[in-house]
Amino acid sequence: MVAKKMAGKKVKLDSRPTLFSTQGDAQNHYNQIAQNIYEFKTIIHSGQNFEELKEIFIKYCQYSNYESGKFANLEIIGFKGVQTVRENYGQHVTTICFAVIFSNQQEQEFSVRKAIKAIADYQKSNQQ
1 MVAKKMAGKK
11 VKLDSRPTLF
21 STQGDAQNHY
31 NQIAQNIYEF
41 KTIIHSGQNF
51 EELKEIFIKY
61 CQYSNYESGK
71 FANLEIIGFK
81 GVQTVRENYG
91 QHVTTICFAV
101 IFSNQQEQEF
111 SVRKAIKAIA
121 DYQKSNQQ
């Protein structure tokens, strides 16, 4: 008997012209962007990456109730890479994540891994 390989969850963003064939591909893509903007101390204020990250953050908030309503009246003006300490299986590890920057200059860190997972799960359950 040959075991069938389970298909990965695809991820489609309205702001991105191409589909990610797997959730992991999307996570790796955006993790690399976070790493790059952290290393070069840049902030993304416009362009394709800005539009995609904005969509990811908004959908993450909608699909997972992450910070639901807390930022509803604030405009997203940028994204930057930040270093943070997270707990992983009881160990504290340093990682790079995104911080969304709002019009009032408030910043909110978020995990692109969790955001992409929430989007992929939602899309799979709604067969988008």
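In full-length UniProt numbering, the protein residues as written are 1 to 128. We treat Cβ as the ideally placed atom computed from N, Cα and C, and that holds for glycine. Keep in mind it's a predicted model, so treat the numbers as computed, not measured.
Judged by DSSP in its simplified three-state form, Glu107 adopts strand. When DSSP states are grouped into helix, strand and coil, Arg86 belongs to the strand group. Straight-line spacing of the CA atoms in Asn49 and Gly8 works out to 23 Å. Distance from Ala115 to Tyr60 at the Cβ level is roughly 4 Å; contact confirmed, criterion being Cβ atoms closer than 8 Å. The three-state reading of DSSP puts Gln62 in helix, counting H, G and I together.
Under the 8 Å Cβ criterion, the region 94-106 does not count as touching the region 9-22, having fewer than three qualifying pairs. The C-beta of Glu52 has 16 or more other C-beta atoms within 10 Å across all chains shown, which makes the residue buried.
Apart from the 5 residues on each side of it in sequence, Thr94 sits with its Cβ closer than 7 Å to the Cβ of Gln83, Val85 in its chain, given in chain order.
In this model, Ser46 and Gly78 are separated by some 7 Å (Cα to Cα).
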